[in-house]
Amino acid sequence: MSEQILEQVLEQRLGFGKHYWRQFFIISFIDFLDGAEFLYLALLTPALKQEWNLSILELSIFGSSFTFGLTIGSIICGFLADKMGRKSILIIATVFQAAVVFLTVFCQNIIQMSLLRLIYGTVIGMNLAISSILMIEVTPKLHRGKIIVALQVLILLGRCWIMILGYIFMESISIGNWRAISLCNCIPCLLCLIGTIFWIQESPRFLILNEEIQKGIDNLNYIGQFNNSEYQMLTDDEIQSIKEWAQMQKLHHQQQQQQQNNSIKQLFNQENLTITWRNYLINFLFMFAMMAIFNILPFILDDENKSLLHLYIVDIGEIPALFVMLYSIDKFGRLPTLLFSTTVLILILFSIWYWKLYVIIIGLTIFKFCCKINCGTLSVLFAESYHTLYRSLGLGTTNAMGGLAGSLAPFLIFPIYFYNYYLPFLICSVISLITLVLLMFYPIDLTKKALDQLKQK
Numbered sequence: 003m004s005e006q007i008l009e010q011v012l013e014q015r016l017g018f019g020k021h022y023w024r025q026f027f028i029i030s031f032i033d034f035l036d037g038a039e040f041l042y043l044a045l046l047t048p049a050l051k052q053e054w055n056l057s058i059l060e061l062s063i064f065g066s067s068f069t070f071g072l073t074i075g076s077i078i079c080g081f082l083a084d085k086m087g088r089k090s091i092l093i094i095a096t097v098f099q100a101a102v103v104f105l106t107v108f109c110q111n112i113i114q115m116s117l118l119r120l121i122y123g124t125v126i127g128m129n130l131a132i133s134s135i136l137m138i139e140v141t142p143k144l145h146r147g148k149i150i151v152a153l154q155v156l157i158l159l160g161r162c163w164i165m166i167l168g169y170i171f172m173e174s175i176s177i178g179n180w181r182a183i184s185l186c187n188c189i190p191c192l193l194c195l196i197g198t199i200f201w202i203q204e205s206p207r208f209l210i211l212n213e214e215i216q217k218g219i220d221n222l223n224y225i226g227q228f229n230n231s232e233y234q235m236l237t238d239d240e241i242q243s244i245k246e247w248a249q250m251q252k253l254h255h256q257q258q259q260q261q262q263n264n265s266i267k268q269l270f271n272q273e274n275l276t277i278t279w280r281n282y283l284i285n286f287l288f289m290f291a292m293m294a295i296f297n298i299l300p301f302i303l304d305d306e307n308k309s310l311l312h313l314y315i316v317d318i319g320e321i322p323a324l325f326v327m328l329y330s331i332d333k334f335g336r337l338p339t340l341l342f343s344t345t346v347l348i349l350i351l352f353s354i355w356y357w358k359l360y361v362i363i364i365g366l367t368i369f370k371f372c373c374k375i376n377c378g379t380l381s382v383l384f385a386e387s388y389h390t391l392y393r394s395l396g397l398g399t400t401n402a403m404g405g406l407a408g409s410l411a412p413f414l415i416f417p418i419y420f421y422n423y424y425l426p427f428l429i430c431s432v433i434s435l436i437t438l439v440l441l442m443f444y445p446i447d448l449t450k451k452a453l454d455q456l457k458q459k
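Sequential numbering of the sequence shown, starting at 3, is according to the numbering used here.
Structure representation (structure tokens):
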């Protein structure tokens, strides 16, 4: 019984109730702001190029600053969140997040703007990993996939928020008052900060596995009472089983390695090596392809005399993607969902390269559809593949590889784009094909299965 005790407590004793929805609501602002930032950058990049007369090098540096920040933030999160706790990192990051969004209003040159985007990417990189981990570690296994996919809805709402602000403050894709948009974006940043400080609970799974068992038990009882006023406190037998489970988990990992729990060497031991190198490479390739197209997307629409409306229409592809994920991620599993979306991604990127302008809008809409499915499903797959003792380290370093790829993409893709508008689509199609092959041989899928399973020798 002790091997599954925590999953049984989450499912049968605590239930899926009000606490999860409150935590989901607060954490959702992180994903909301992430979605808002990506569309804001799509408006900001061509606007700054025209307003400040940027060179290709300056454009590349600016384009890479946010994603390089994601790399830094993911690494910071990976090494500190397994030591300091999930909530502490979240509070620190949300404070910086609100400050950076406000200071963006007063930027006067590309150096200041690139530095702020670097810092903003850093805090988003910290927050994104923590948001997924916090929800995964306290959600019953039957709902884990859906709750993480539901966070993707807020990314879409964040983009809708920027669409509204864009219609108010922007005249076209490359002309408008981007400072006013940033000022308005301070509102969700403040809501996220207040909610994190006062209402987010530390992960009880993290506390229990880091020798703060009583705090973890108190958090579990708090969740149960918040969900149900008739909730009965955990019994002595249940608490003893939780202690035995925690001890068994600690002993297993002490036998596997003698380093500290947050040592990166744990990600490359015999148990995790096959997972880690695949996670790193898959995320690197996918993020490079996605960010390469995202960087040139506003330019190609502007060069083809498309309007803001066309830029927003392309984002509509993310709406059906959310429904596909909600239906597929727990019904068919993480890997089948990824194999489907990556196959479609390969075909549509090749089609845009081959037929060019004739399919550009519908092609980019389907591209966004596939990227949304991949982003949401990969985050679940990666987070579930690591043990709680080093989950933030594993997910953080995996996200860092994606951020590194995203920061390299502008330097490579802008010169190619200005040489041949459509060649980047062919290159990204080939990269996506390699990603598909890696996914076909991925060794684990924990759809509707317990976390922290001990592998039998």
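Think of the CB as a built atom: it goes at the ideal place given N, C-alpha and C, for glycine as much as any other residue.
Along the length of the stretch 220-257, whole alpha helix (DSSP H) runs at least 4 residues long do not occur. Between Leu359 and Glu306, the C-beta gap is smaller than 8 Å, which places the two residues in contact.
In this structure, DSSP gives Gly398 a helical state, which the three-state scheme calls helix.
Between Ile375 and Ala323, the CB-CB gap stays under 8 Å. Of Phe70, Phe31, Leu185 and Gln25, the smallest CA-CA separation from Val102 is found for Leu185. Residue nearest to Val316 within the set Ile138, Leu414, Gln114 and Ile362 is Ile362 (criterion: CA-CA distance). In the structure shown, Gly178 falls within a strand segment according to DSSP collapsed to helix, strand and coil.
A straight-line Cα-Cα distance of about 20 Å links Gly398 and Thr141.
When DSSP reads this structure, Met172 sits in a beta bridge with Gly178.
Where Leu391 is concerned, there is no enclosing alpha helix (DSSP H), because DSSP gives it neither an H nor an E. Taking 8 Å as the cut-off, the Cβ atoms of Thr437 and Phe288 count as close.
Linking His145 to Gly160 through their CA atoms gives a straight-line distance of about 23 Å.
It is roughly 34 Å from the alpha-carbon of Gly19 to the alpha-carbon of Leu269. Judged by their CB atoms, Val97 and Leu16 are not nearer to each other than the 8 Å cut-off.
Under the DSSP assignment, Pro445 falls outside any alpha helix (DSSP H); it carries neither an H nor an E label.
Between Lys148 and Leu328, the gap from beta carbon to beta carbon is short of 8 Å.
Arg119 sits away from Gly75, with the two beta carbons spaced by 8 Å or more.
In this structure, the straight-line span from the alpha carbon of Cys430 to that of Ala294 is close to 8 Å. Put simply, of Ile166, Ile225 and Lys85 the residue whose alpha carbon is nearest the alpha carbon of Trp23 is Ile225. Check the Cα spacing between Ser434 and each of Phe286, Glu386 and Ser330: the tightest is with Phe286. Pairing Ile350 with Thr339 gives a Cβ-Cβ distance that is not under 8 Å. For His312, the three-state secondary structure derived from DSSP is helix. If only uninterrupted alpha helix (DSSP H) runs of at least 4 residues are considered, those enclosed by the stretch 70-112 are 88-106. According to the DSSP assignment, Gln10 belongs to the alpha helix (DSSP H) that extends over Ile7 to Gln10. Assignment of Gln272 by DSSP, reduced to helix, strand and coil, places it in the coil class.
Between Ile298 and Tyr169, the C-beta spacing is not below 8 Å. Taking 8 Å as the cut-off, the Cβ atoms of Gly365 and Ile348 do not count as close. For Glu306, there is no enclosing alpha helix (DSSP H), as DSSP gives it neither H nor E.
Comparing alpha-carbon positions, the option among Ile126, Ile132 and Leu92 lying closest to Ala385 turns out to be Ile132.
In the structure shown, the three-state DSSP call for Lys143 is coil.
Under the three-state reduction of DSSP output, Asn187 falls in the coil class, being neither helix nor strand. The C-beta separation of Met128 from Cys79 comes to about 4 Å, placing the pair in contact by the 8 Å criterion. For Gly37, the enclosing alpha helix (DSSP H) has its first and last residue at Lys20 to Glu53.
A residue is called buried once 16 or more other Cβ atoms fall within 10 Å of its Cβ, and Asn422, having fewer, is exposed. With contacts defined as CB atoms closer than 8 Å, Tyr444 and Leu337 qualify as a contacting pair.
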